[in-house]
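If you're matching positions, the sequence shown starts at 961 in my numbering and goes up one per residue. Following: one structure in structure tokens, then a few remarks.
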Amino acid sequence: MSRKEIVFMKKNYILEDLDCANCAAKIEDGVKNIEGVLECSVSFVTEKMIVEIEEGKEKEVEKQIKKVVKKIEPDTTLREV
């Protein structure tokens, strides 16, 4: 019996108008808790976020990422690079 291998893909985002390092950390933690996310890294200095998302779940995960960002930083715009 073979196990299905789960494939993850990296997505890069810009967090325009990210206000503080504490909020960046909260966004990172929130995104890490989304089902289908393997890893998330947010840089306050560069306003960049790198997320490893399970292949096939990109659209649903991206919707959840947008919700997390708007809840923590309502004035921040999420843009895929």
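In this text, a Cβ means the ideal position worked out from N, Cα and C, and glycines have one as well.
Cβ-based burial, residue 1032 [other Cβ within 10 Å; buried from 16]: Here residue 1032 is taken as the residue at index 72 of the sequence shown, counted from 1. With 16 or more other Cβ atoms within 10 Å, it is buried.
Continuous alpha helix (DSSP H) stretch holding residue 1014: start and end: The count along the sequence shown starts at 1 and reaches residue 1014 at position 54. That residue, residue 1014, is in no alpha helix (DSSP H); its beta strand (DSSP E) goes 1008-1014.
Residue environment, residue 1036, which counts as buried when at least 16 other CB atoms sit within 10 Å: On the sequence shown, residue 1036 is found 76 positions in, with the first residue counted as 1. Flag for residue 1036 reads buried.
Three-state secondary structure assigned by DSSP to residue 1022: On the sequence shown, residue 1022 is found 62 positions in, with the first residue counted as 1. Here residue 1022 sits in helix by DSSP.
Rounded separation between residue 1006 and residue 967 - CA only: Along the sequence shown, one-based indexing puts residue 1006 at 46. Along the sequence shown, one-based indexing puts residue 967 at 7. Computed Cα separation, rounded: 27 angstroms.
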